[in-house]
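Worksheet: the structure to be examined is printed underneath.
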Amino acid sequence: MKYEKSVIITAQHGLHTRPAALLVKQAKSYSCDIFILCQGKQASAKSLFKLQTLGLYHGIQVTVMAEGENAQTAVEDVSNLLLKLS
Amino acid sequence: MPLSGIVVSPGIAFGNALHLHLHPEKRDYHLLPLNQIEKEKQTLIQVIDHKKNQLLQHLQRLPASSHNYQLIEADLLLLDDDELIQNICAEIERFQLCAAVAIERIFSYQAAEINALDDHYLTNRSQDILSLASRLIDQINGAHNVELSKIDEPTILLASDITPAEFSMLPLKYITALVLKTGGITSHTAILARSAGIPALFDCPFDQESITNHQVLALDALAGKLYVAPNESILSRLTQLKKTTLKQKQQLLKFKHRQTQTIDGHEIPLLVNIGSINETTHLNDMGVEGIGLFRTEFMLMNTKSAPSENKQYRLYSDILHLLNGKLFTIRTLDIGAEKALPFLNSLPEENPALGLRGIRYTLQHTSLLVTQVRAVLRAAQYGPIRLMFPMINQVEELEAIFDIINQCQTQLTQDHVTFGQLSYGIVVETPAAVMNLASMLPKLDFISIGTNDLTQYAMAADRGNPLFTRDYPSLSPAILSFIHLIISTAQAHNTQVSLCGELASDPHVAPLLIGMGVNELSVNLPAILEIKSALSNISYAQCHLLAQKALSLVTIKALHACVYTQAT
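Right, dumping it as structure tokens:
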């Protein structure tokens, strides 16, 4: 199954290395594929390398999308984390 | 067979070998044969696995709350990325590249992509990516970055080159000697090694493969020989030699508190060149007349930001206090060239020695100069300070500086901040300054001849390039003529001439310089007693005779025969 949700990046300096690393760690705990979509670009939430090229600034809107087992839980958890990261 | 090189800091040393950069960077840009592609992919996977393990081990030794922990964890996550490995493998396959080049390319694309984002905070991450790439490539090339803090035995450090900034991070307690493949006697690292009293051999063509880490080495940095796995007879000879030199040094100790004077009582102001705050602690037991050159840029080298006015003011005031009325000569920041500071984002220049350095730099970045001048002016109320400017070519630069100094004084007065008066001078170190000297002298209280850079610019020869350091020694007829011309011009204007280059620290050359009319010498700390001893053995009249003779000689060979056979 496929599930997606939009959230706004609230981290003060955007998703730089440390918050992005936390996100990747979280995403890796799910077996389903998780993607972050932002301004026409897309990256696997499990790849810190790719994630950094998205330009996840403070205040920007992104879509968290997952496909596969527990997709909904994964998206909800990742979105919640994104909102919590400072 | 011992290896030979140029002695840039004399002494005898024993220790275990340690390569600082085990292999130079190498990349193979050739197309890989198709049958090697699989092997190259395996190499890549192994290297990344190995780096991951290394990072993991490192991580386990750190507290989870530390900043380093989070950075290392981020590196680990970057590498723990199947997509990344797939991308690099695809690059290897598609372009038939070796793993190192494929890593270089993929990571550079990535860094460029991040750089293109218009968020300063995020674009900084591209540096992390490039740094990780170069560590991976080092791993492929078999280079091991030495952890300097782990050195705990007498060590002779081997490297192809060491920058002044790297030198200042060495644990000098355990480093008994330094052997470099490149470098010349007047490079800044050589000056630092001499100041620290660390024996050093430069321009020594050692073979990285034939000397392994921890192999026993003996360095005779008097004769310029490096012995690998020396036998008993060499060891005992060098141990004896070390004892003898130590004894000679002890005999020199009687000069510690003596005035510097010739045998017939002509007093010569002897000052010292200072490149670090640590060196100032020895000032009072050397019997010198003060500091003749305070290299302010070295105190900034391992900091993350330019020091504030108050910080500099406190430092200069402390040193004046220590000097207790003796002269304090401060050279304004001489940055640029090889002495790049980590916190200055200078643009790369094709030819930094001829680029934005010395006063050129500070006149374009006046806030650095203003901060320094204000700190110096404020400190000057506690003792005599001479302020001098590096890399001056012409009177226009002096006018610009004095405008800035006037503005600083006006501002300080308006702010009701007290300050003192300074004497002003320049470092004469370019041929243009020599030619323009007469027009600048009316504005100056003294000049100081910087023979190291003067030689480099007069000869148009890079002072760090080992290919010709032997052909252009510091003492040559051309340089003596320059010094002679400078002195005659200064004498016509009744201006004091100091000499702060490496030539002054050579006990054979010091009497010659005095004979030529140099008024004061500024030398490196370890050379002080030797210079005092050399001058105490010769009369003032003999110095003049030596100068007359030396100035008449037109070849390096004849000049060296004349100067270096003088009894000192």
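First to last, the sequence lines map onto chains A and B.
So the first sequence is numbered by our numbering: it starts at 823 and just counts up by one.
So the second sequence is numbered by our numbering: it starts at -9 and just counts up by one.
Backbone N, C-alpha and C define an ideal beta-carbon position, used for all residues, glycine too.
Would a C-beta distance cut-off of 8 angstroms place Ile38 (chain B) and Leu69 (chain B) closer than the cut-off?
-> yes
Does DSSP classify Thr319 (chain B) as helix, strand or coil?
-> strand
Contact check, Ile2 (chain B) vs Leu212 (chain B), beta carbons under 8 angstroms = yes
Do you know whose CA, among A:Ala842, A:Thr832, A:Glu898, A:Ser901, lies nearest Thr875 (chain A)'s CA?
-> A:Ala842
Taking just the CA atoms, how far does Pro374 (chain B) sit from His13 (chain B)?
-> Only weak support is given to the placement of His13 (chain B): the predicted model assigns it a pLDDT of 47, under 50, and the question is left unresolved by the model.
Could you round the C-beta distance between Asp193 (chain B) and Thr172 (chain B) to whole angstroms and report it? I think they count as a contact, below 8 angstroms.
-> 7 angstroms
When the cut-off is 8 angstroms and only beta carbons count, does Leu904 (chain A) lie next to chain B?
-> no
Taking Cβ-Cβ distances shorter than 8 angstroms, what residues in chain A pair up with Ile115 (chain B)?
-> Contrary to the premise, residue 115 (chain B) reads as Arg rather than Ile in this sequence. Those are His838, Thr839, Gln874, listed as they occur along chain A.
Please check the pair Phe245 (chain B) and Ile281 (chain B), which I expect to be a contact at CB under 8 angstroms, by giving their CB distance rounded to whole angstroms.
-> 19 angstroms between Cβ atoms; not a contact.
Proximity below 8 angstroms, CB of Leu587 (chain B) to CB of Leu502 (chain B) = The question about residue 587 (chain B) has no answer here: the residues shown for chain B are numbered -9 through 558.
Looking at the structure shown, is Val385 (chain B) part of a helix, part of a strand, or coil, going by DSSP?
-> helix
Segments of 4+ residues assigned as alpha helix (DSSP H) that fall wholly inside the segment 419 to 457 of chain B = 421 to 425, 427 to 430, 441 to 449
Who are the Cβ neighbours of Glu891 (chain A) in its own chain at under 6 angstroms, not counting the five residues just before and after it?
-> Ser853, Cys854
Residue of B:Gln251, B:Gln362, B:Val385 minimising C-alpha distance to Leu377 (chain B) | B:Gln362
Grab me the residues of Phe472 (chain B)'s own chain with a C-beta within less than 7 angstroms of its C-beta, minus the 5 sequence neighbours each way, in chain order.
-> Val424, Leu444, Ala448
Please check if any C-beta of chain A sits within less than 8 angstroms of the C-beta of His13 (chain B).
-> Unreliable positioning characterises His13 (chain B) in this predicted model, as indicated by a pLDDT of 47, which lies under 50. The coordinate reading is nonetheless provided below. His13 (chain B) does not count as touching chain A.
Would you call the CB atoms of Leu34 (chain B) and Cys79 (chain B) closer than 8 angstroms?
-> Yes, Cβ-Cβ distance for Leu34 (chain B) and Cys79 (chain B) is below 8 angstroms.
Which value, in whole angstroms, describes the spacing of the CA atoms of Phe85 (chain B) and Lys140 (chain B)?
-> 41 angstroms
In this structure, does DSSP put Arg248 (chain B) in helix, strand or coil?
-> coil
Whole-number beta carbon distance between Leu148 (chain B) and Ala186 (chain B), since they are thought to touch under 8 angstroms | About 17 angstroms separates the two Cβ atoms, so there is no contact after all.
Would DSSP call Cys552 (chain B) helix, strand or coil?
-> Helix at Cys552 (chain B).
Close-in-space but distant-in-sequence residues of the same chain around Leu564 (chain B) (CB under 8 angstroms, 5 per side omitted) = With chain B covering only -9 through 558, there is no way to say anything about residue 564 (chain B).
At 9 angstroms on the CB atoms, spell out the chain A contacts of Leu566 (chain B), in chain order.
-> The structure shown does not extend to residue 566 (chain B), since chain B is modelled only from -9 to 558, so the question has no answer here.
Apart from the five residues on each side of it in sequence, which residues of its chain come closer than 6 angstroms, Cβ to Cβ, to Ile882 (chain A)?
-> Non-local C-beta neighbours of Ile882 (chain A) in its own chain, meaning closer than 6 angstroms and more than five positions away in sequence, comprise Ile831, ordered along the chain.
Go to Ile855 (chain A), then tell me how far its beta strand (DSSP E) extends in each direction, as first and last residue.
-> The amino acid occupying residue 855 (chain A) in the given sequence is Asp; Ile does not appear at that position. That run of the beta strand (DSSP E) goes 855 to 860.
Hey, is Ser956 (chain A)'s beta-carbon within less than 8 angstroms of any beta-carbon in chain B?
-> Since the first residue of chain A shown is 823 and the last is 908, residue 956 (chain A) is not available in this structure.
Alpha carbon to alpha carbon, what distance is there between Val884 (chain A) and His838 (chain A)?
-> 15 angstroms
is_contact[Phe871 (chain A), chain B] using C-beta, thresh 8 angstroms = For Phe871 (chain A), the answer is yes, since a Cβ of chain B falls inside 8 angstroms of its Cβ.
Residues in the segment 55 to 88 of chain B having any Cβ partner in chain D nearer than 7 angstroms = In the structure shown, chain D cannot be found, because the protein chains are A and B.
Contacts of Ser866 (chain A) in chain B (Cβ-Cβ under 8 angstroms) = Glu73
Cα-Cα separation between Arg227 (chain B) and Asp210 (chain B), rounded to whole angstroms = 10 angstroms
Taking Ser828 (chain A) as part of the beta strand (DSSP E), name the residues at either end of that continuous run.
-> 824 to 830
What distance in whole Å lies between the Cβ atoms of Glu81 (chain B) and Ile96 (chain B), which are believed to be in contact at a cut-off of 8 angstroms?
-> 6 angstroms
Helix, strand or coil: which one does DSSP assign to Ile518 (chain B)?
-> helix
What number of angstroms, rounded off, separates the C-alpha of Val206 (chain B) from the C-alpha of Leu10 (chain B)?
-> Rounded to whole angstroms, Val206 (chain B) to Leu10 (chain B) spans 16 angstroms at the Cα level.
Short check: CB of His534 (chain B) to CB of Gly491 (chain B), under 8 angstroms?
-> no
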